[in-house]
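A quick write-up on the structure given underneath.
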């Protein structure tokens, strides 16, 4: 979002990845409408953050395909999202821990988030440079996944909680982010980073 506002450009940012993230957050955070949600001490904070994630991601998608569409690299952002979404739907249907729609949608969001970076990775492999804003977007996204994995270890160790879908999706995402970081390193090493 900062890159878009400061540079008035969405160069090097995959609009398709942003669409996938919007779908991820909308599916994962449908529980804000669940009347059975418990009201803990952090309830309003959590609801506010979930709504903010969805709205900011939708705003990013709007800016890429709206006001900044002239700077959008449509020629290189060519990954078909359907090839990522459909398998995630199938996996979620069979791997969900319960047959409730909210649980299936949550599992779908876990699998989709794991592969949502693929259009961005595809775009990075088609370009020969990367700017600091793009690095500043991708590195925290990778760190988010690393902290998420540490959370699994913590929850398993202290709470005995284990979710196979989360672990598999997280490992897939870790491998994909390793590829992203290798590509960023190679672009930087070539001296084409601006």
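Numbering (my numbering), first residue to last: 2 to 195. Note that CB positions come from ideal geometry on N, CA and C, so glycine has one too.
For residue 184, the three-state DSSP class (helix, strand or coil): On the chain shown, residue 184 is found 183 positions in, with the first residue counted as 1. Residue state for residue 184 is assigned as helix, using DSSP reduced to three classes.
Start-end ranges of the beta strand (DSSP E) lying completely within the stretch 129-166, minimum 3 residues: For the stretch 129-166, not a single whole beta strand (DSSP E) run of length 3 or above is found.
Beta-carbon contacts of residue 31 that lie in its chain and below 7 Å, excluding the five residues immediately before and after: Here residue 31 corresponds to residue number 30 of the chain shown, with the count starting at 1. Here the set comprises 103 and 106.
Integer-rounded CB distance, given that residue 59 should sit under 8 Å from residue 2: Taking the first residue of the chain shown as 1, we reach residue 2 at position 1. Taking the first residue of the chain shown as 1, we reach residue 59 at position 58. Contact between residue 2 and residue 59 is absent: CB atoms are separated by about 11 Å, not below the 8 Å threshold.
Residue ranges of each beta strand (DSSP E) within the stretch 15-91, 3 or longer: Taking 3 residues as the minimum length, the stretch 15-91 contains no beta strand (DSSP E) run wholly inside it.
Euclidean distance between Cα positions of residue 35 and residue 48: Locating residue 35 in the chain shown gives position 34, counting from the first residue. Locating residue 48 in the chain shown gives position 47, counting from the first residue. It is roughly 11 Å from the alpha-carbon of residue 35 to the alpha-carbon of residue 48.
Burial state of residue 101 (16 or more Cβ within 10 Å): Walking along the chain shown from the start, residue 101 turns up at place 100. Per the 10 Å Cβ criterion, exposed.
Cβ shell of residue 184 (< 6 Å), same chain only, five flanking positions each side left out: The residue given as residue 184 occupies position 183 in the chain shown. The answer, listed in chain order, is 125.
Integer-rounded CB distance, given that residue 17 should sit under 8 Å from residue 80: The count along the chain shown starts at 1 and reaches residue 80 at position 79. The count along the chain shown starts at 1 and reaches residue 17 at position 16. That pair is a contact at about 5 Å.
Whole-angstrom C-beta distance between residue 118 and residue 178, which should lie under 8 Å: The residue you call residue 178 lines up with position 177 of the chain shown. The residue you call residue 118 lines up with position 117 of the chain shown. Going by Cβ atoms, the distance from residue 178 to residue 118 rounds to 7 Å, so yes, they are a contact pair.
Any 3 or more C-beta pairs closer than 8 Å across the stretch 150-163 and the stretch 92-99: No contact exists between the stretch 150-163 and the stretch 92-99.
contact_flag[the stretch 68-82, the stretch 131-148] where n(CB pairs < 8 Å) is 3 or more: Look at the beta carbons and you see the stretch 68-82 not touching the stretch 131-148: under three pairs across the two are nearer than 8 Å.
Other residues of its chain near residue 19: CB distance less than 8 Å, five sequence neighbours each side excluded: In the chain shown, the residue the question calls residue 19 occupies position 18. In chain order, 58, 61, 62 and 65 place their CB closer than 8 Å to the CB of residue 19, counting only its own chain and leaving out the 5 sequence neighbours on each side.
Status (buried if at least 16 other CB within 10 Å, exposed otherwise) for residue 70: Stepping through the chain shown from its first residue, residue 70 is reached at position 69. Its Cβ having fewer than 16 others within 10 Å, residue 70 is exposed.
C-beta contact flag for residue 188 and residue 122 at 8 Å: The residue you call residue 188 lines up with position 187 of the chain shown. The residue you call residue 122 lines up with position 121 of the chain shown. Not a contact, by the Cβ cut-off of 8 Å.
Rounded C-alpha distance that separates residue 10 from residue 33: Translated into the one-based positions of the chain shown, residue 10 becomes position 9. Translated into the one-based positions of the chain shown, residue 33 becomes position 32. Rounded to whole angstroms, residue 10 to residue 33 spans 33 Å at the Cα level.
Distance between beta carbons of residue 135 and residue 52, contact taken as under 8 Å: Along the chain shown, read from residue 1 onward, the residue named residue 52 stands at position 51. Along the chain shown, read from residue 1 onward, the residue named residue 135 stands at position 134. Not confirmed; about 27 Å, so no contact.
Short CB-CB distance (under 8 Å) between residue 150 and chain D: Absence of chain D from the displayed structure is noted, only one protein chain being present.
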